[in-house]
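In the working numbering, each residue carries its 1-based index in the sequence shown increased by 411. First the structure, in the form of structure tokens, and then the observations on it.
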Amino acid sequence: MQRPPRQPTRRDQTRRPAKPTKSLSSPANQLRPSISPLPMGAAEQHQHPPAPEGEKKTLVFTYGTLKRGFSNHGLLQDLARAGDAAFVAAASTAAPLPLVCGPYRVPFLLNLPGDGQRVRGELYSVTARGLARLDELEGVSRGHYERLPISIVVEEREGEEGRAVEGAVAYYAHRGYAAEMWARSGRRGHAEYSPAVAAGYVRRVDRPQHLTFLDQIRVFVSSHS
412 MQRPPRQPTR RDQTRRPAKP TKSLSSPANQ LRPSISPLPM GAAEQHQHPP APEGEKKTLV
472 FTYGTLKRGF SNHGLLQDLA RAGDAAFVAA ASTAAPLPLV CGPYRVPFLL NLPGDGQRVR
532 GELYSVTARG LARLDELEGV SRGHYERLPI SIVVEEREGE EGRAVEGAVA YYAHRGYAAE
592 MWARSGRRGH AEYSPAVAAG YVRRVDRPQH LTFLDQIRVF VSSHS
């Protein structure tokens, strides 16, 4: 004998249907990474840690291939990205100095005050780490150039001379050949290492590799103009 169907009670009518369970393979239940992604630019900061705040900076007057638009400016750009260099202003030497071109149109500022003319260039603020990179480029330990103090005047606005700056440095031609370089140049210098003056410049990698930098200078100063 069949039982009559059970009539739903009030409790059955008010009972909420159970929520369907989520599959373990659904996207909502997939494992999430426990490390949040790096913020924009963090990878670059990790590769090039910025210089500590308050670190001593040196003002470097550049007059040749380190200037914007010339062959070695890429080094200053690399240093700037690492926080080790920053452009300050266009500037000129406070006193006349000879700026000449040597072999392969390489520029040399000669530490012979009173000769030549005031030289235009660019001023950068550089950390100790950046200064070491510039010393390496300029061959300071090999007798190529000397890093020495220089008095400069910065431009407040384009073409308008401003305040004098003390405590800056520049990379001069080494004293071991500076006087000979000046004589070889006919005692005539330039006011600026411009694209026209630099025409014919040869990068180091394209110069004869069997001669050192000093060998090339000796050949140049001993030749006739």
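For glycine and all other residues, C-beta sits at the position ideal for the given N, C-alpha and C. Predicted model only: the values in this text are computed from it and were never measured.
Test item: CB-CB of residue i and residue j under 8 Å
i: M592; j: F498; result: no
i: R627; j: R614; result: For the record, residue 627 in the displayed sequence is Gln; it is not Arg. Contact flag unset, no.
i: G513; j: T473; result: no
i: L486; j: Y604; result: no
i: G587; j: G550; result: no
i: A506; j: V565; result: no
i: P524; j: L508; result: yes
i: A589; j: N522; result: yes
When the options are compared against residue i, the one with the closest alpha-carbon
i: I561; options: H555, A493, K478 and L534; result: L534
i: Q488; options: V511, L510, R544 and S596; result: R544
i: P606; options: F481, Y556 and A581; result: F481
i: G611; options: R516, D495 and H601; result: R516
i: A602; options: A584, G475, E557 and T469; result: G475
i: A496; options: N483, S633, N522 and G541; result: G541
i: G573; options: L490, T504 and V471; result: T504
i: S596; options: L470, H484, V471 and D526; result: D526
i: N483; options: V616, Q620, I563 and S634; result: V616
i: V530; options: S552, I563 and L559; result: I563
Residue i versus residue j - alpha carbon distance
i: P448; j: Q528; result: Any reading at P448 must be qualified, since the residue scores a pLDDT of 35, below 50, and its modelled position is unreliable; no value is offered.
i: G578; j: A502; result: 14 Å
i: A599; j: A609; result: Here residue 599 turns out to be Arg, not Ala, going by the sequence shown. Taking the straight line joining both Cα atoms gives about 15 Å.
i: S466; j: T538; result: Correcting the residue type first, residue 466 is Glu in the shown sequence and not Ser. In a straight line, the C-alpha of E466 is about 7 Å away from that of T538.
i: A581; j: F624; result: 19 Å
i: L622; j: R629; result: 10 Å
i: H457; j: R492; result: Unreliable placement is indicated for H457, whose pLDDT of 34 sits below 50; no coordinate value is reported for it.
i: V632; j: A584; result: 13 Å
i: E557; j: D546; result: 9 Å
i: L470; j: A594; result: 30 Å
i: E567; j: L490; result: 24 Å
i: G494; j: L559; result: 23 Å
i: A453; j: H635; result: Since pLDDT at A453 reaches only 34, below the 50 mark, its modelled position is unreliable, and no value is offered.
i: Q365; j: S552; result: Residue coverage of the chain in this structure runs from 412 to 636, which leaves residue 365 outside it and unanswerable.
8 Å Cβ cutoff, residue i in contact with chain D
i: G554; result: The structure shown contains no chain D; it is built from a single protein chain.
Expected contact under 8 Å - CB spacing of residue i and residue j to nearest Å
i: K478; j: S536; result: That belief does not hold up - the Cβ atoms of K478 and S536 are roughly 15 Å apart, past 8 Å.
Whole runs of the alpha helix (DSSP H) within the stretch 546-617, excluding any shorter than 4 residues
589-595 and 606-609
Would you list, in sequence order, the uninterrupted beta strand (DSSP E) runs of no fewer than 3 residues that lie entirely inside the stretch 504-554?
510-512, 518-520 and 531-538
Quick check on the DSSP output: what are the complete alpha helix (DSSP H) runs of length 4 or more inside the stretch 461-494, in order along the chain?
484-492
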